[in-house]
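Chains as they are written, first to last, in the numbering used here: chain A, 6 to 338; chain B, 6 to 338; chain C, 6 to 338; chain D, 6 to 338. Glycine is no exception: its CB is placed at the ideal position from the N, C-alpha and C atoms. Everything below concerns the one structure shown next.
Protein chains: 4
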Amino acid sequence: MKNVALFGAGRIGSIHAANLARLPGIHLKYVSDPMADAAQRLATLHGAQAKADPAAIFQDPGIDAVVIGTPTTTHSDLIRQAAAAGKHIFCEKPVDLSADRAQECAAAVALAGVACMIGFQRRFDPTFSDAKRRLSEGEIGTPEMLVITSRDCAPPPVDYIRSSGGIFRDMLIHDFDIFRWILAGETDEAAWLSATGSSLIDPAIAQAGDIDSAIVSIRTRSGRLCQINASRRAAYGYDQRFEILGSAGLLACDNLRPTAVRQMDAHSVRIDKPEHFFLERYRDAYRLEIEHFFQQLQAGGPFRTTIADGVAAQRLADAAAQSLASGQPVTFD
Amino acid sequence: MKNVALFGAGRIGSIHAANLARLPGIHLKYVSDPMADAAQRLATLHGAQAKADPAAIFQDPGIDAVVIGTPTTTHSDLIRQAAAAGKHIFCEKPVDLSADRAQECAAAVALAGVACMIGFQRRFDPTFSDAKRRLSEGEIGTPEMLVITSRDCAPPPVDYIRSSGGIFRDMLIHDFDIFRWILAGETDEAAWLSATGSSLIDPAIAQAGDIDSAIVSIRTRSGRLCQINASRRAAYGYDQRFEILGSAGLLACDNLRPTAVRQMDAHSVRIDKPEHFFLERYRDAYRLEIEHFFQQLQAGGPFRTTIADGVAAQRLADAAAQSLASGQPVTFD
Amino acid sequence: MKNVALFGAGRIGSIHAANLARLPGIHLKYVSDPMADAAQRLATLHGAQAKADPAAIFQDPGIDAVVIGTPTTTHSDLIRQAAAAGKHIFCEKPVDLSADRAQECAAAVALAGVACMIGFQRRFDPTFSDAKRRLSEGEIGTPEMLVITSRDCAPPPVDYIRSSGGIFRDMLIHDFDIFRWILAGETDEAAWLSATGSSLIDPAIAQAGDIDSAIVSIRTRSGRLCQINASRRAAYGYDQRFEILGSAGLLACDNLRPTAVRQMDAHSVRIDKPEHFFLERYRDAYRLEIEHFFQQLQAGGPFRTTIADGVAAQRLADAAAQSLASGQPVTFD
Amino acid sequence: MKNVALFGAGRIGSIHAANLARLPGIHLKYVSDPMADAAQRLATLHGAQAKADPAAIFQDPGIDAVVIGTPTTTHSDLIRQAAAAGKHIFCEKPVDLSADRAQECAAAVALAGVACMIGFQRRFDPTFSDAKRRLSEGEIGTPEMLVITSRDCAPPPVDYIRSSGGIFRDMLIHDFDIFRWILAGETDEAAWLSATGSSLIDPAIAQAGDIDSAIVSIRTRSGRLCQINASRRAAYGYDQRFEILGSAGLLACDNLRPTAVRQMDAHSVRIDKPEHFFLERYRDAYRLEIEHFFQQLQAGGPFRTTIADGVAAQRLADAAAQSLASGQPVTFD
């Protein structure tokens, strides 16, 4: 039996709590959140204790692992405290809005010898991971090009955007990770990156210093190509797809839909639009990533999404932000 | 908190146990099965007690409800005992292979004043129930014709078939219920039914006195039409679809697929075949029907699938068997 | 160069004329129609002569072949006159509303030694014929069951229905031919047929003595099964599909659509509804059947759709009408 | 009756000849090609005269219009000669590999007062033009982003590539035109363009000085975004799609397929791969563009694809080639 503390009782914390509650051999002991009410409610629902003070949690020798689902700005501090206390760590992306600070976190984790997994949940989506498996088994030959479509259903509040680090660090960070997972891998990182974008949806986003529509091109050292197109708004639902062109074929990950009803009338044939947003789209992925975390902890195996992956995605996001600002591409050594 | 006893620790019993374990306010107290090992294993997994003797369970005043997932031949006895003991009942389809005995069960339940729901889980499938909702909201006008495709991935063992009551009572019983739910309803029952079929898959099925491929036509009192085509084998997976033609359009329920990967190569474009079999296809439906059972118990509301529905579907299955045997249609008053 | 006379300058005649005009080595010499204006217009468009009197056409020794696209009631007379005059014959379905008279026509054609092809154009539809090819190549193993969906976009005028021979002879005749082509073939004809139906769309159709919604079940001698569902109205366009279940898989022929545009918005994902009606849906089939006619005339090979096929489909239509009237199935020797 | 001369008896010339032959009121008088055999064969097939000497054709006062389907390097000369002779011109893309020379052609055409249409046939594809119509009618609100996928089934011979002007001028020229047609229009041209690419398919292509895989990003003056991904090889067929993201939805143009057969077996569900290559995919588009040319000639209306469009697409192709070479984006005034 492993005892776990959860930091963050918001939207993503609630999902992790419910998934932890279903895992045999896992006991959710603490829920911690500055919003005492939210912490108490979530703790009660799952038979855990609400505990405001993180220090008390880190000092509890009965705690084996922590799950961090708090706002981004608190991630690196919590990771470092958890590492110092010898707790294993599952932390939501990103490690930190600064890639350098993220790198320091990674060093602290390595020094402490604890395990640390970053929640790039998309790598656990059954559709995406099945495509990855087919790719690895050579079903489309050698991969040459990756096209990622990544669109939220609607922009977040401008206040959130203001502290989000910008569209590349907040939203495309997932897509940069997909690029690395699918196309680049450990042997063929990005060599050239060009990004541009606009604020087309809401002038308030521009006033907050961000864009809401972005396109990115990446070329790897070996010459493979990746395009990412992203928008903060897709009126038709959460659009999360990618296509891999290989020498012998194509693998496409289409959107998921709530039902398989098809309606035909005098005007058209209609099917459901894609799942509404990330909580619905990645329901299975969130469940599977937490299972993976504890399985690998148990087995002593490597995580599919390491803190090094977190740092590497962050560096790509930084490069994209720099390219947007300068109007010039960024090259990597 | 409601205490529940589960009868049957096999495939379907295990599913009900897992779904019961997730329901807040529900406590799975007993698991009963003649296979003591299976009962013990399932009970342990969910923190319940294995109890071989049904009588002891019915005598426990702490038990509020029973969930029956045992072989068909035991259903009506268990229903009657549960009713006599004042327990609410959730029972897998069918009530009984004899429609008359099913009707006697219904009477016993009514006399005892307990609630009884029959597990026609398809009415809880999100795709099917969304189609039903759209139909009710008039999205395709007045329904005129229903075409049901119902194919298992592979035939069951011939031993099972021998005691199954035949393809109409064992397999098409679900489709007869869909017919009643979607097309006939309370005001327009079947008036004319014609069935035929063949043994095309395995001669052993014919030797066991059954067929493996069946087609059924039904006309309702008001003239609406229904076709059911069924096979014990679909090499491409579990095929569960229906289409409703209405005066203003069509509603089709397509199959579900494990992933949304599309693979294109020199030969074709490929997507996943349908979900493998009923455990996968109706995963959500099994969860939702048990939730519905306890919600309605709590609320005192009617069940979506009553014991009367169970009897009515049984009568249609009997008629189909009779039509097959005689080569003539059956008419209903 | 072959000289051809076309009988009928209506909707279907115009299609045949345009397709004849494109065929190298074919010269459309005459267009004949009781409506002199229509004949003249069509003749002028394609550089042919309008000629009212069929006798004059049959007496012209320069005419090699006739294409008959006139109303059904005139088919058998024109076939017999053409045969007597030694002209090869392409005739629209059906040969005659009476299967006996159709059989007499077949005898007259055989006696005269002319070639005669019946226009079951669906056998030339690229989608349907590709499915037939795959079936023949064993891609889904042995065929076991055929499900045909056959729905017009809207009912014809009641006046037309009155002289149409009824829904089975006018509309399902095509589906009976598909059944024979796909499932029955030359070695396994229908053994048992049950049909029923209703008038659900327009009471005037019932008053004209016909139904507008029909379902048919057929069992072949070897036990294969076929279901046909048909309606005079599909609000969503012309619905022409069939599915063949085989021992190793399924072949489905889906509908065709005018464009491949997909539109997604806040409500749904929409694609085009099926092609509007038979002129659009079977555009390619009409072209290909006429090409086939002249190719086989040239090569001396057999037609894909013979007058014997016309007679056989007619007998199935008669049986369906009889089954509907009696409420009982029809068995064949 | 308009008399037309066709230059070029190759693949594309043959298509234009067949489409001209079907047009009422159009007479194909001459076919001209340096390959005398090919010219003679095509001329004979359509009842025209083969004529080697272009000068003789231009001097024939009976010729109203010319259709130019010769190799790219001859386009601008033929256009200028035709303009000088007062003939109306339909010319395949591109006008010229040099945008400056293309601009001079446009000036010569304007001076001569003849009509000149450039064969960007994609604007006549029924699927693409239906998407354009929906966009114009506001069905997805304001367009914000365009993603174009453009992949040939297989690379052309390296000899062809050597004189093709490179992938941007030879292949993406069509995509640049789509960008202008769909997203930019007359009021919002490209402001910033970044292109990169690689030779991933065949080293001989790199040796010929070209790439075979390319990605392009464009931002318009108003901030709209376009991504183009292109490859000389798609093992699964000719891949020609685009998607327009608008403020209220998305319009996607999917690929077309030869048939609507769906095959399901123990492994997967399979549909046809896309049409093989441009001759099949754009069959309707080639027919419709020539119809449009003569309709507009007759009506005196503007062409959908002018020589100015040809020049503008060429400038974008030049910019892409320059961006690839320099590794830097290109900005436009």
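_Residue of Ile73/D, Tyr241/D, His93/D and Ala115/D minimising C-alpha distance to phenylalanine 282/D_ = Tyr241/D
_With H, G and I counted as helix, E and B as strand and the rest as coil, what does DSSP make of histidine 93/B?_
strand
*For glutamine 1/A and chain B, any beta-carbon pair shorter than 8 Å?*
Nothing can be reported for residue 1/A: it is not among the residues displayed for chain A, which extend from 6 to 338.
*alanine 271/D: buried (16+ other C-beta within 10 angstroms of its C-beta) or exposed?*
exposed
_Exposed unless 16 or more other CB atoms sit within 10 angstroms - verdict on serine 141/B_ = exposed
*asked:* Using 8 Å as the cut-off, can you tell me whether the stretch 101–118 of chain A makes contact with the stretch 276–292 of chain A, which would need three or more C-beta pairs spanning the two stretches below that distance?
replied: no
*chain C partners of glutamine 276/A, CB-CB under 9 Å?*
Checking the displayed sequence, the identity of residue 276/A turns out to be isoleucine instead of glutamine. In chain order: Ser273, Val274, Arg275 and Ile276.
*asked:* With the cut-off set at 8 Å, would you say isoleucine 94/D and leucine 284/D are in Cβ contact?
replied: no
*asked:* Would isoleucine 220/C and glycine 202/C be called neighbours here (beta carbons separated by less than 8 Å)?
replied: yes
*Contact residues within the stretch 135–159 of chain B, judged by C-beta distance below 8 Å to chain A*: Asp135, Ala136, Arg139, Glu144 and Ile145
*Which residues share a DSSP beta bridge with threonine 340/B?*
This structure leaves residue 340/B out entirely; chain B is present only between 6 and 338.
_Segments of 3+ residues assigned as beta strand (DSSP E) that fall wholly inside the stretch 182–208 of chain C_ = 195–203
*Under a CB-based cut-off of 8 Å, is tyrosine 165/A close to chain D?*
no
*Take the Cβ of serine 331/D as the centre, count every other Cβ of all protein chains shown within 10 Å, and call the residue buried at 16 or more, exposed below.*
exposed
*Look at the Cβ atom of phenylalanine 173/B, then the Cβ atom of threonine 75/B, and state whether they are nearer than 8 Å.*
no
_Minimum C-alpha distance to alanine 26/C - residue among Ser37/C, Ala48/C, Gln333/C and Met269/C_ = Ala48/C
*Do the stretch 150–162 of chain B and the stretch 230–247 of chain B meet, that is, are 3 or more Cβ pairs less than 8 Å apart?*
yes
_Distance check for phenylalanine 125/A and alanine 107/A, CA to CA, integer angstroms please._
15 Å
*Anyone know if the C-beta pair for threonine 225/A and leucine 256/A falls short of 8 Å?*
no
*Please compile the residues from chain A whose C-beta is within a distance smaller than 9 Å of the C-beta of arginine 269/B.*
The question names arginine, yet the displayed sequence has methionine at residue 269/B. Ordered by position in chain A, the residues that pass the 9 Å Cβ test against methionine 269/B are Ile145, Gly254, Leu255, Leu256 and Ala257.
*Counting only beta-carbon atoms, is alanine 196/A nearer than 8 Å to chain C?*
no
*Does isoleucine 220/B have its Cβ less than 8 Å from a Cβ in chain C?*
yes
*Do you know offhand how far arginine 167/A's Cα is from proline 161/A's?*
10 Å
*asked:* Does any residue of chain D have a CB that is nearer than 8 Å to the CB of alanine 240/B?
replied: yes
*asked:* Is there a C-beta anywhere in chain B that falls below 8 Å from the one on glutamine 232/C?
replied: yes
*Please look up how many angstroms separate the CB atoms of leucine 293/A and proline 279/A, rounded, as I've assumed it's under 8 Å.*
That pair is no contact at about 20 Å.
_Just list the residues that DSSP pairs histidine 32/B with in beta bridges._
Asn8/B
*Work out the CA separation of arginine 309/C and proline 66/C for me, nearest whole Å.*
27 Å
*Between isoleucine 312/A and alanine 41/A, what straight-line distance do the alpha-carbon atoms span, to the nearest angstrom?*
29 Å
*Please specify which runs of the beta strand (DSSP E), each continuous and at least 3 residues long, are wholly inside the stretch 125–178 of chain A, giving them in chain order.*
148–156
*CB contact check: glycine 214/C to chain B, cutoff 8 Å*: no
*Would the beta-carbon of glycine 315/B fall within 8 Å of that of lysine 34/B?*
no
*Whole angstroms is fine: what's the gap from arginine 237/B's alpha carbon to alanine 324/B's?*
20 Å
_I need the boundaries of the beta strand (DSSP E) containing isoleucine 68/D, first residue and last residue._
Run containing isoleucine 68/D: none; DSSP gives neither H nor E here.
*Which residues, in chain order, does the stretch 74–88 of chain A contribute to contact with chain D at a C-beta distance below 9 Å?*
none
_For glutamine 54/D, list the residues DSSP reports as bridge partners._
Tyr35/D
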